[in-house]
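Notes to accompany the following structure.
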Amino acid sequence: MDTIRKVEYFSIVVPDRPGQTFKVLQTLVSAGINLIACNGFPRGRRAQIDVVPDDARRFNSAVKKAGLAFEPKKSGFLIQGEDRPGALAGHLDKLATADINVTAIEALTPGGGRWAAILWVKSADVQRAGRALRAKAK
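Everything in the sequence shown is counted per the numbering used here, starting at 169 for the first residue and increasing by one.
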């Protein structure tokens, strides 16, 4: 049985140069912020870093104090469970049946027979996706 919960994520755009992601993450580490996930990718001539903190309130306080310009929060879904063939496909089928388009997915198997994924949908579809996935609020 997989566990699914709605998570909040935040984005920041930085120069696309060596060490920029480290600087952002080091600021968060110094403030004692634990991340569930971190994703970075090119965005034009810059780079975007998305982070999913385990405590959004504490995260907001820390980034405000540090002066980091993260964009307002958005929502996604964290799925975790026992690794098996088709683990992700079943959840995607639920969303497709509900006519919800998935914006992005990151899935992996960290070992030990486990798997995890974070998936994103458009803001307008978050509530419907939560119902389709039977996601917990936290």
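Glycine residues also receive a C-beta, built at the ideal position from the N, C-alpha and C atoms.
* To do: Counting only the same chain and skipping the five closest in sequence on each side, list residues whose C-beta sits under 8 Å from that of arginine 214.
  => If we look at arginine 214 and ignore the five residues flanking it on each side, its Cβ neighbours are Val181, Val182, Pro183 and Asp184.
* Whole runs of the beta strand (DSSP E) within the segment 187 to 224, excluding any shorter than 3 residues -> Those beta strand (DSSP E) runs which fall completely within the segment 187 to 224 and span 3+ residues are 203 to 211 and 214 to 221.
* To do: Measure the beta-carbon distance from valine 175 to glycine 244 and round it to whole angstroms, keeping in mind my assumption that it falls under 8 Å.
  => The Cβ separation is near 5 Å, so the contact holds.
* Measure the alpha-carbon distance for glycine 235 versus glycine 254 and round it to whole angstroms. => Going from the Cα of glycine 235 to the Cα of glycine 254 covers about 43 Å.
* To do: Pick helix, strand or coil for arginine 173, following the three-state DSSP scheme.
  => The three-state reading of DSSP puts arginine 173 in strand, counting E and B together.
* In chain order, what residues of the same chain lie with their CB nearer than 7 Å to the CB of serine 271, ignoring the 5 residues before and after it? -> Per the sequence shown, the amino acid found at residue 271 is threonine instead of serine. Excluding residues within five positions, the ones whose Cβ falls inside 7 Å are Trp288, Val289 and Lys290.
* Asked: Roughly how many angstroms lie between the CA atoms of arginine 173 and glycine 187, to the nearest whole one?
  -> C-alpha separation (whole angstroms): 32 Å.
* **Supposed contact pair phenylalanine 178 and lysine 232 - C-beta distance, whole angstroms, cut 8 Å** => That belief does not hold up - the Cβ atoms of lysine 232 and phenylalanine 178 are roughly 12 Å apart, past 8 Å.
* What do you get for leucine 276, buried or exposed, if any count of 16 or more other CB atoms within 10 angstroms of its CB means buried? -> Result: exposed.
* Asked: Is arginine 302 helix, strand or coil when you go by DSSP?
  -> Annotated three-state conformation of arginine 302 is coil, per DSSP.
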